[in-house]
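Visitor: Residue numbering for the sequence shown follows our numbering, beginning at 12 and increasing consecutively.
Glycine included, every Cβ here is placed at the ideal spot set by N, Cα and C.
One structure coming up, written as structure tokens, with questions to follow.
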Amino acid sequence: MKNKKLQISEAEWQVMKVIWKNPGLSALEISNEVLKENKWSDGTTRTYLRRLINKGVIRYEQDKNDSRIYYYFPAISEKDALEHESKSFLSKFVKGRPGLVLASLLKNTDLTDEDISELESILQEKRGNSK
12 MKNKKLQISE
22 AEWQVMKVIW
32 KNPGLSALEI
42 SNEVLKENKW
52 SDGTTRTYLR
62 RLINKGVIRY
72 EQDKNDSRIY
82 YYFPAISEKD
92 ALEHESKSFL
102 SKFVKGRPGL
112 VLASLLKNTD
122 LTDEDISELE
132 SILQEKRGNS
142 K
């Protein structure tokens, strides 16, 4: 996935969130989960599943007892996908001043104590690497 350009649409992200949260669901189960937030038909969800398979973002396994049923699994982690999207965003929009964007994001985002600890750790690591 490192060399492949990962482009996941907003709608595909919604499907991916369900798969990351519940790996191994069938298409119908995924469709039912997505339906809680969207008014998509089952066919729309299946279209997004096919696109995600073609992009190499998810994989599937056929049911051993019923060849009409497939179970879907993430082929990349949510963390890897988010890191890729972040890098893509930064290279596309920021061009040399990422600190300004990061500061703006932090000011406008609610963070848990765990989030803050993780950010502090990352900043300490960055500070150590820049010496």
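Count the other CB atoms within 10 Å of the CB of Val68; is the residue buried (16 or more) or exposed (fewer)?
Guide: Buried, because 16 or more other Cβ atoms sit within 10 Å of the Cβ of Val68.
Visitor: When burial is assigned at 16 or more other CB atoms within 10 Å of the CB, is Ile127 buried or exposed?
Guide: Per the 10 Å Cβ criterion, exposed.
Visitor: Along the beta strand (DSSP E) that carries Glu44, what are the first and last residues, could you check?
Guide: Glu44 -> not in any beta strand (DSSP E); alpha helix (DSSP H) instead, spanning 38 to 46.
Visitor: Would you say Glu72 and Tyr82 are within 8 Å of each other, going by their C-beta atoms?
Guide: Against a cut-off of 8 Å, the Cβ pair of Tyr82 and Glu72 comes out as a contact.
Visitor: Keeping to the same chain, check which residues put their C-beta closer than 8 Å to that of Arg57; ignore five residues upstream and five downstream.
Guide: Correct list, in chain order: Ala38, Ser42.
Visitor: Beta-carbon within less than 8 Å of Ile19's beta-carbon, same chain only, minus the 5 sequence neighbours each way: which residues are those?
Guide: Within the same chain, Ile19 has close Cβ partners Met27, Leu63, Lys66, Val68, Ala92, Glu96.
Visitor: The alpha helix (DSSP H) spanning Ile133 covers which residue range?
Guide: Run containing Ile133: 124 to 140, per the alpha helix (DSSP H) assignment.
Visitor: Among the candidates Lys75, Ala86, Lys137, Ser78, whose CA atom is the shortest distance from the CA of Trp110?
Guide: Per the sequence presented here, residue 110 reads as Gly, with Trp not at that position. Looking at the Cα atoms, Lys137 is the closest of the given residues.
Visitor: Shortest alpha-carbon distance to Ile30 belongs to which of Leu134, Lys118, Ala86?
Guide: Here the closest residue by C-alpha is Ala86.
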